[in-house]
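Read through the structure below, which is laid out as structure tokens, and then see the notes.
Residue numbers (the working numbering): 2 to 221.
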């Protein structure tokens, strides 16, 4: 799509650094330069204010990635594209059937009301919970990783959704400061929220996580 739009050498394309190295690779393959903007801490999608701050005369496009079942602020981002005269592309997530989304939301509500010691997701803007991503605060040590190991030891599956931001990978290393991206990479952990989870399995998730509250600073 970038090549079809005439994007190439000398052009800049604004992309997120939180996950999806394939997006930055596509920009490079088109011959352009990937410019990284920070994310909104609630949606994990491009923050319009950060995008505005990195626009230059060489900016010709941005690629917006919708994340974990939350959508980016497309009204502001499209408006920015119109104002500055550049292309706005979107990379969405696979859309689950309505019944499955409804069941995921039910399980998310259950977890929201029972988990302690972690920051539960912001469920606004029609969250479909492709992943149920919590925050495990830092306390100056890798609490998220210790927390994940302890939860797995209690028989609960969990995973780190983004281990290394793209702007910290060797092929795309940039001397830029993206505080929300870096904080999210350090703190986020995905817990199961599949429609197939039973009540007993949901209780196990809550029990395993809440038993570890001493590892964490209080949630806000």
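Glycine residues also receive a C-beta, built at the ideal position from the N, C-alpha and C atoms. Remember, it's a predicted structure, so these values are computed and weren't measured experimentally.
Worksheet entry | Residue burial classification, residue 110 (beta-carbon count within 10 angstroms, cutoff 16) | What you label residue 110 is simply residue 109 of the chain shown in a count that begins at 1. Under a 10 Å Cβ-count criterion, residue 110 is classified as exposed, with fewer than 16 other Cβ atoms of the shown protein chains found around its own Cβ.
Discussion item. Using the Cβ count rule (16 or more neighbours within 10 Å means buried), how would you classify residue 60?
Written reply: Position 59 of the chain shown, counted from the start, is the residue given in the question as residue 60. Taking a 10 Å sphere around the C-beta of residue 60, we find 16 or more other C-beta atoms and assign the residue as buried.
Worksheet entry | Inside the region 86-130 only - beta strand (DSSP E) runs reaching at least 3 residues | Here the runs fully enclosed are 88-92.
Discussion item. Spatial neighbours of residue 180 within its chain, please: C-beta separation below 6 angstroms, excluding the five flanking residues on both sides.
Written reply: Here residue 180 corresponds to residue number 179 of the chain shown, with the count starting at 1. Excluding sequence neighbours, residue 180 sits near nothing in its chain.
Worksheet entry | Cβ neighbour criterion (16 or more within 10 Å) applied to residue 116 | Residue 116 sits at position 115 when you count from the first residue of the chain shown. Under this definition residue 116 is a buried residue.
Item to complete: Go ahead and label residue 51 buried or exposed: buried means 16 or more other beta carbons lie within 10 angstroms of its beta carbon, across all protein chains shown.
Response: Along the chain shown, one-based indexing puts residue 51 at 50. Per the 10 Å Cβ criterion, buried.
Worksheet item: From residue 220 to residue 98, what distance separates their C-alpha atoms?
Response: Indexing the chain shown from 1 puts residue 220 at position 219. Indexing the chain shown from 1 puts residue 98 at position 97. Summary for residue 220: the model assigns pLDDT 42, below 50, so the residue's position carries little reliability; its value from the coordinates is reported in the next sentence. Within the model, the alpha-carbon separation for residue 220 versus residue 98 is close to 33 angstroms.
Worksheet item: By a C-beta neighbour count over all protein chains shown, 10 Å radius and 16 as the cutoff for buried, is residue 81 buried or exposed?
Response: Counted from its first residue, the chain shown places residue 81 at position 80. Per the 10 Å Cβ criterion, buried.
Item to complete: Name the one or two DSSP bridge partners that residue 45 has.
Response: Along the chain shown, read from residue 1 onward, the residue named residue 45 stands at position 44. According to DSSP, which records beta bridges pairwise, residue 45 is partnered with nothing at all.
Worksheet item: Count the other CB atoms within 10 Å of the CB of residue 212; is the residue buried (16 or more) or exposed (fewer)?
Response: The residue given as residue 212 occupies position 211 in the chain shown. Exposed.
Fill in: residue 75 and residue 15 closer than 8 angstroms at C-beta
Locating residue 75 in the chain shown gives position 74, where the first residue counts as 1. Locating residue 15 in the chain shown gives position 14, where the first residue counts as 1. With a cutoff of 8 angstroms on beta-carbon distance, residue 75 and residue 15 are scored as not near each other.
Practice prompt. Using three-state DSSP, classify residue 13 as helix, strand or coil.
Written response: As a position in the chain shown, residue 13 is number 12, starting the count at 1. Note: residue 13 maps to strand in three-state DSSP.
Discussion item. Give me the DSSP bridge partner(s) of residue 60.
Written reply: For the purposes of this step, residue 60 is identified with residue 59 of the chain shown, where counting begins at 1. Note: residue 60 sits in a beta bridge opposite 13.
Fill in: Cβ-based burial, residue 83 [other Cβ within 10 Å; buried from 16]
Taking the first residue of the chain shown as position 1, residue 83 is located at position 82. With fewer than 16 Cβ atoms within 10 Å of its Cβ, residue 83 is classed as exposed.
Fill in: residue 161 to residue 70 span [Cα, whole Å]
For this step, residue 161 is matched to residue 160 along the chain shown. For this step, residue 70 is matched to residue 69 along the chain shown. Answer to the nearest angstrom: the Cα atoms are 16 angstroms apart.
Item to complete: Leaving out five residues on either side along the sequence, give the residues of the same chain with a beta carbon under 6 angstroms from the beta carbon of residue 123.
Response: Stepping through the chain shown from its first residue, residue 123 is reached at position 122. Closer than 6 angstroms at the Cβ level, and outside the excluded window around residue 123, lie 43.
Worksheet entry | Host beta strand (DSSP E) of residue 37 (start-end) | Along the chain shown, read from residue 1 onward, the residue named residue 37 stands at position 36. Counting along the chain, the beta strand (DSSP E) containing residue 37 begins and ends at 34-38.
Discussion item. Relative to the C-alpha of residue 194, which candidate in 188, 187, 203 and 186 has its C-alpha closest?
Written reply: Against the chain shown, residue 194 aligns to sequence position 193. With distances taken between Cα atoms, residue 194 lies closest to 203.
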